[in-house]
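Asker:
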């Protein structure tokens, strides 16, 4: 575990938390907030959606703020009771203590959250790094997952290093050296295929420049460690994803999940455009309607 602050300076944390609050104002729905004590530290959880709806946990990606990717799934709020934790050790309101993403730590962290809310089993969704957390839960506590949705996921295939170098690495290095808006825009365009919102670009720019980035990803899932996992799983991939392009992702996902897998791929980057978010929300609603039964 690491106990030092992930922020360059306390004012950076204050600035990002102001941006977090500004983002929440865009949701136009009631949001409750809890602080849950887990064995790894205090975790801040956003609760929203249908009060008596089935529980749905949504985990955000690494090195971003929870509301950024939670905002992608607004159409789900009308039917499901959504629990969206700030990942521990990442920017946000949860403790800054980093935990190992390669062992059972995140599975235990999720288990603590479920215990706190008295939930034995539910549906889970994850974006990027958040998908890797869902897969760690699938490896260690598969009985807790009713069904899973993995959006541009880590934990299935390795980084496409050559494509990453071609598309983003130079801009990222130059941005960290110069803090130039030009290179920040280039990073945003590479990550989103030219469609990143201005507010997201600003937040990502601050984090990439002034926060100690989490560079260790959840371990790649092995078919044998998911042998007890039998939940339907929807994977949504981006054909222009600079990190996990769909052609590499599909081969691994098909092998790991077999007939559990439902697959969607769109001509989008790691950050989808509004157009593709409409499609993704439709896919998720249809998948949950089919696989997430009322009796659970």
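Residue numbers (full-length UniProt numbering): 1 to 296.
Here a beta-carbon is modelled for each residue, glycine too, at the ideal position from N, C-alpha and C.
The structure displayed is predicted, hence computed values, not measured ones.
For the segment 38-72, which segments carrying the alpha helix (DSSP H) assignment without a break, of at least 4 residues, lie completely within its bounds, in sequence order?
Answerer: Correct list: 66-70.
Asker: Alpha carbon to alpha carbon, what distance is there between residue 233 and residue 11?
Answerer: Along the chain shown, one-based indexing puts residue 11 at 11. Along the chain shown, one-based indexing puts residue 233 at 233. Answer to the nearest angstrom: the Cα atoms are 41 Å apart.
Asker: For residue 21, is the classification buried or exposed, using 16 other Cβ atoms within 10 angstroms of its Cβ as the cut-off for buried?
Answerer: Indexing the chain shown from 1 puts residue 21 at position 21. Exposed.
Asker: Mark residue 384 as exposed unless 16 or more other C-beta atoms lie within 10 angstroms of its C-beta, in which case mark it buried.
Answerer: Look at the range of the chain in this structure, 1 to 296, and you will see that residue 384 is not part of it.
Asker: Rounded to whole angstroms, what is the Cα-Cα separation between residue 38 and residue 112?
Answerer: Here the question's residue 38 lines up with position 38 in the chain shown. Here the question's residue 112 lines up with position 112 in the chain shown. Distance between the alpha carbons of residue 38 and residue 112 is about 6 Å.
Asker: According to DSSP, is residue 296 helix, strand or coil?
Answerer: Here the question's residue 296 lines up with position 296 in the chain shown. The pLDDT assigned to residue 296 is 39, lower than 50, so where the model puts this residue is not dependable; a value taken from the coordinates is nonetheless given after this. It is coil, neither helix nor strand.
Asker: Got a sec? Which residues, its chain only, sit under 8 Å from residue 295 by beta carbon, not counting five neighbours each side?
Answerer: Taking the first residue of the chain shown as position 1, residue 295 is located at position 295. Note that residue 295 scores 43 on pLDDT, short of 50, meaning its location in the model is unreliable; the coordinates nonetheless yield the value given after this. Result list for residue 295: empty, nothing under 8 Å.
Asker: Compare the beta carbon distance of residue 238 and residue 282 with 7 Å and say whether it is the shorter of the two.
Answerer: Working through the chain shown from its first residue, we reach residue 238 at position 238. Working through the chain shown from its first residue, we reach residue 282 at position 282. The Cβ-Cβ distance between residue 238 and residue 282 does not fall below 7 Å.
Asker: Look at residue 44 and residue 94 and say whether their C-beta atoms are less than 7 Å apart.
Answerer: Numbered from 1 along the chain shown, position 44 holds the residue referred to as residue 44. Numbered from 1 along the chain shown, position 94 holds the residue referred to as residue 94. Yes. Within cutoff.
Asker: For residue 279, does the three-state DSSP call read helix, strand or coil?
Answerer: Residue numbering aside, residue 279 sits at position 279 when the chain shown is read from its first letter. It is helical.
Asker: Looking only at C-alpha atoms, which of 42, 81, 220 and 275 sits nearest to residue 32?
Answerer: Position 32 of the chain shown, counting from 1, holds the residue named residue 32. Closest option to residue 32, Cα to Cα, is 81.
Asker: Is it true that the CB of residue 129 sits closer than 7 Å to the CB of residue 62?
Answerer: Taking the first residue of the chain shown as position 1, residue 62 is located at position 62. Taking the first residue of the chain shown as position 1, residue 129 is located at position 129. Yes, the pair counts as a contact, with Cβ atoms nearer than the cut-off.
Asker: Look at residue 157 and residue 248 and say whether their C-beta atoms are less than 7 Å apart.
Answerer: Here residue 157 refers to the residue found at position 157 of the chain shown. Here residue 248 refers to the residue found at position 248 of the chain shown. Yes, Cβ-Cβ distance for residue 157 and residue 248 is below 7 Å.
Asker: Can you list, in chain order, the residues of its chain whose CB lies under 6 Å from that of residue 104, leaving out five sequence neighbours each side?
Answerer: As a first step, residue 104 is located in the chain shown; it is residue number 104 there, counting from the start. So the qualifying residues of the chain are 140.
Asker: By DSSP, does residue 245 sit in helix, in strand, or in coil?
Answerer: As a working note, residue 245 is residue 245 in the chain shown. Three-state result, residue 245: coil.
Asker: If I'm right that residue 23 touches residue 68 with Cβ under 8 Å, what's the distance once you round it to whole angstroms?
Answerer: As a first step, residue 23 must be located in the chain shown, where it is residue number 23. As a first step, residue 68 must be located in the chain shown, where it is residue number 68. About 7 Å separates the two Cβ atoms, so the contact holds.
Asker: Going by DSSP in three states, residue 143 sits in which element: helix, strand or coil?
Answerer: As a working note, residue 143 is residue 143 in the chain shown. It is helical.
Asker: Please report the distance separating the alpha-carbon of residue 274 from that of residue 137.
Answerer: Position 274 of the chain shown, counted from the start, is the residue given in the question as residue 274. Position 137 of the chain shown, counted from the start, is the residue given in the question as residue 137. The straight-line gap from Cα to Cα measures roughly 30 Å.
Asker: In chain order, which continuous runs of the alpha helix (DSSP H) of length 4 or greater are located wholly inside the segment 163-226?
Answerer: 170-178, 181-192 and 198-210
Asker: Quick check on residue 154: buried or exposed, where buried means 16 or more other Cβ atoms within 10 Å of its Cβ?
Answerer: As a first step, residue 154 is located in the chain shown; it is residue number 154 there, counting from the start. Classification for residue 154: buried.
Asker: In angstroms, rounded to a whole number, what distance separates the CA positions of residue 291 and residue 242?
Answerer: Taking the first residue of the chain shown as 1, we reach residue 291 at position 291. Taking the first residue of the chain shown as 1, we reach residue 242 at position 242. One C-alpha to the other measures close to 30 Å.
Asker: Give me, in chain order, the residues of the same chain whose beta-carbon lies closer than 6 Å to that of residue 86; leave out the 5 immediate sequence neighbours on both sides.
Answerer: Reading the chain shown from its first residue, position 86 is the one you call residue 86. These residues qualify, in order along the chain: 44, 66, 92, 93 and 94.
Asker: Taking the runs of the alpha helix (DSSP H) that are 4 residues or longer, which of them lie wholly in the segment 83-132?
Answerer: 105-117
Asker: Taking the Cβ atom as the reference point for each residue, do residue 88 and residue 41 lie within a distance shorter than 7 Å?
Answerer: To locate residue 88, count along the chain shown from 1; it is residue 88. To locate residue 41, count along the chain shown from 1; it is residue 41. Cβ atoms of residue 88 and residue 41: closer than 7 Å.
Asker: With residue 260 as the anchor, note down where its alpha helix (DSSP H) starts and where it stops.
Answerer: As a first step, residue 260 is located in the chain shown; it is residue number 260 there, counting from the start. Per DSSP, residue 260 belongs to no alpha helix (DSSP H) and is neither H nor E.
Asker: What is the rounded straight-line gap between the Cα of residue 285 and the Cα of residue 177?
Answerer: The residue given as residue 285 occupies position 285 in the chain shown. The residue given as residue 177 occupies position 177 in the chain shown. So the two alpha carbons sit approximately 43 Å from each other.
Asker: For residue 200, count the other beta carbons within 10 Å of its own beta carbon; 16 or more makes it buried, fewer makes it exposed. Which is it?
Answerer: Within the chain shown, residue 200 is the residue found at index 200, counting from 1. Buried, because 16 or more other Cβ atoms sit within 10 Å of the Cβ of residue 200.
Asker: When you compare only the Cα positions, how much space is there between residue 222 and residue 244?
Answerer: As a first step, residue 222 is located in the chain shown; it is residue number 222 there, counting from the start. As a first step, residue 244 is located in the chain shown; it is residue number 244 there, counting from the start. Cα to Cα, residue 222 sits roughly 17 Å from residue 244.
Asker: Using DSSP bridges, identify the partner residues of residue 34.
Answerer: Here residue 34 refers to the residue found at position 34 of the chain shown. 45, per the DSSP bridge assignment.
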